[in-house]
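Participant: Structure incoming, see below.
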Amino acid sequence: MLDLKWIRENPDALDVAMARRKVAPVSAELMVLDTLRRKIQTDLQEIQARRNEAAKAIGKAKSQGEDADALIMEVAELKTSVQDLEVQERVLNEKMDAALSVLPNILKDDVPDGQSEEDNTELRVVGDKPKFTFTPKEHYELGDALGMMDFETAAKMSGSRFVVTSGLIARLERALAAFMVDLHTAEKGYLEVSPPVMVRKGALYGTGQLPKFEEDLYKTSEDQYMIPTAEVSLTNMVRERILDESDLPMRYTAHTLCFRSEAGSAGKDTAGMLRQHQFAKVEMVSITTPEQSDAEHERMTDCAEDVLKRLGLSYRVMVLCNGDTGFGARKTYDLEVWLPGQQAYREISSCSTCGDFQARRMKARYRPQGEKGNLFVHTLNGSGLAVGRTLIAVMENYQQEDGSVVVPEVLIPYMGGITRIENKNNKREG
């Protein structure tokens, strides 16, 4: 949610900012609504003040034995006027909230211009791509040959974009998640949280998924939603709270299942488990002061990068252009891991700074030390990492010519000492 006071004082700047978001000018419409609403609020205050005066006059007239009928009639008429104006105010408030709720966040000045992901800027490339003496396979080919990745069985029970992993592949997926959470909590200062994966509508509104992206969400019959990312649950932990500045930054991490309908990706990445309706992710969320948020963005990105470095995976860091930056973000870094089977970099993490955009929607504030009044916190979120996509990356980068997969050294303790995943029979078990 954007600051209405700022919009009121900077209508032209709003339209310029929205133009970078490919949104048509909106300030004129907002100012008309705002002017009407403020006039009604002024009228309400004046009528309520007059009603209070008349009510006092009625008491005085009666105490002195004077006729108060005219005053009583006036108070009744004023009451009706108040009720009518309150209805008008409520309608205008709803219109204003609706108009503001679909406006994206204002981008930082250093976000590059561009139309789509093709225009994102490469910031750095880290690590060497593996060299193979054979043609590397994609993850689903490896998983099928190992007998530990089954899309057909998943499709029978759940439909497309689901997978059943088993045996050592399932264990490797679990090991990756445990390694990520341990790294973020033991070394990076994040507090591990096990949050709900079902939330109410207000939680999704708070982080910006609603109302704009409802078609991408799964809704239950009890009017709850399955989370598309643990960002929703973790960020809403400070919803409607006033925090002490001394408690900031607050850093949370969680390993959860996530659910997305992928409504806008029909026909895209249908092979394998790159784009699933249900997937696991380790999420990071930070709650900071405005002064801390830029540095926290760099820190969070570094935390996500460290996972890839320790796994020995080659990746690149991209700065998203204005045409590819998400609705609630001011600036986003994407980490793209190298997948030898596809011969391409693919997104494995997005780390975004949201400024006070989500905080305004959630009414999340903090109390600055030594100052009067409260300010909105800044929120940040990032994948640390998407577990399924990391599994894909490990399988493809550590594959051997015989179809086996070497376990990265850092994961061997999580695998109970197992150093290689192989199916000696080279066929599906069971």
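Heads up: take any position in the sequence shown, counting from 1, add 727, and you land on the numbering used here. Beta carbons: idealized from backbone N, C-alpha and C, even for Gly. Being a predicted model, the structure only gives us computed values, none of them experimental.
1. Taking R747 as the reference, give the member of S1077, E1098, M1142 and G1050 with the closest Cα.
2. Report yes if the CB atom of V809 is closer than 9 Å to the CB atom of I774, and no otherwise.
3. In terms of residue numbering, what span does the alpha helix (DSSP H) encompassing E816 cover?
4. Hey, how far is the Cα of W1065 from the Cα of S893?
5. My output table needs one value for Q768: the three-state DSSP class, helix, strand or coil.
6. So is G792 buried or exposed if we call it buried at 16+ other beta carbons inside 10 Å?
7. Is it buried or exposed for Q1070, if we count other Cβ within 10 angstroms and need 16 for buried?
8. With DSSP as the reference, identify every bridge partner of D877, one or two as the case may be.
9. V743 by DSSP, collapsed to three states: which one?
10. Please report the straight-line C-alpha distance between V1044 and D836, rounded to a whole angstrom.
11. Quickly, what does DSSP pair E1010 with across the bridge? List them, please.
12. If we ignore side chains and look at the alpha-carbon of each, how far apart do R901 and K732 end up?
13. Compute the Euclidean distance between the alpha carbons of R1002 and F1054, then round it to the nearest angstrom.
14. Do C1048 and A772 count as a contact pair if the criterion is CB distance below 9 Å?
15. Verify whether the separation of the beta carbon atoms of T1117 and I1075 is less than 9 Å.
16. Indicate the three-state DSSP secondary structure (helix, strand or coil) for L1138 in the structure shown.
17. To the nearest angstrom, how far is the alpha carbon of S1077 from that of K749?
18. Does the beta-carbon distance from Q951 to V926 come in below 9 Å?
19. Name the DSSP bridge partner or partners of V1046?
20. Look at H1024 and L1107 and say whether their C-beta atoms are less than 9 Å apart.
21. Rounded to whole angstroms, what is the Cα-Cα separation between G935 and N1150?
22. Sort Q768, M977, V965 and I799 by Cα distance to T1086 and report the nearest one.
23. Going by C-alpha to C-alpha distance, which of A1091, E1128, A744 and A784 sits closest to M800?
24. Would you check if the distance between the CB atom of T912 and the CB atom of T962 is smaller than 9 Å?
25. Using 8 Å for Cβ pairs, my map puts L798 next to A781. What's the rounded Cβ distance?
26. For the alpha helix (DSSP H) holding L970, just list the boundary residues, first then last.
27. Kindly list the residues whose CB is nearer than 8 Å to the CB of R1057, restricted to its own chain and excluding five residues on each side of it in sequence; keep chain order.
28. Out of D1061, D996, N1101 and E1123, which one is the CA nearest neighbour of G1039?
29. Kindly indicate which three-state DSSP category L763 falls into: helix, strand or coil?
30. Pull up the CB-CB distance for A1113 and R968, whole angstroms please, since I reckon it's below 8 Å.
31. Quick check: what's the CA-CA separation for I1119 versus E949?
32. Do you know how far the Cα of A872 is from the Cα of A668?
33. Give me the DSSP bridge partner(s) of R1073.
34. Is it the case that the Cβ atoms of L910 and C1030 are separated by a distance below 9 Å?
35. Would you give the residue range spanned by the alpha helix (DSSP H) that Y932 belongs to?
36. Between which residues of its own chain and S988 is the CB-CB distance below 8 Å, once the five residues before and five after are set aside?
Facilitator: The relevant details are as follows:
1. G1050
2. Taking 9 Å as the Cβ cut-off, V809 and I774 qualify as a contacting pair.
3. D796 to S828
4. 24 Å
5. Three-state result, Q768: helix.
6. exposed
7. exposed
8. According to DSSP, which records beta bridges pairwise, D877 is partnered with V891.
9. helix
10. 19 Å
11. A981 and S1110
12. Going from the Cα of R901 to the Cα of K732 covers about 48 Å.
13. 20 Å
14. According to the sequence displayed, residue 772 carries Gln and not Ala. Not closer than 9 Å, so no.
15. yes
16. helix
17. C-alpha separation (whole angstroms): 21 Å.
18. Yes. Within cutoff.
19. T848 and Y1060
20. yes
21. Cα atoms of G935 and N1150: separation of roughly 45 Å, rounded to the nearest angstrom.
22. It should be pointed out that residue 1086 corresponds to Ala in this sequence rather than to Thr. Selected option, being the one with the closest Cα: V965.
23. Of A1091, E1128, A744 and A784, the residue nearest in Cα terms is A784.
24. no
25. L798 to A781, Cβ: 5 Å. Contact.
26. Where L970 is concerned, there is no enclosing alpha helix (DSSP H), although the beta strand (DSSP E) it sits in stretches over I969 to D971.
27. Annotation for R1057: N832, I833, L834, K835, V838, S1079, T1080, C1081, G1082 and F1084 place their beta carbon closer than 8 Å to its own, counting only its chain and skipping 5 residues before and after.
28. Ranked by Cα distance from G1039, the options D1061, D996, N1101 and E1123 are led by E1123.
29. helix
30. That belief does not hold up - the Cβ atoms of A1113 and R968 are roughly 29 Å apart, past 8 Å.
31. 35 Å
32. No answer is possible for residue 668: it lies beyond the span of the chain, which begins at 728 and ends at 1157.
33. V1064
34. Going by C-beta atoms, L910 is nearer than 9 Å to C1030.
35. Residue range K928 to T934 is occupied by the alpha helix (DSSP H) that includes Y932.
36. E942, D943, L944, Y945 and H1004
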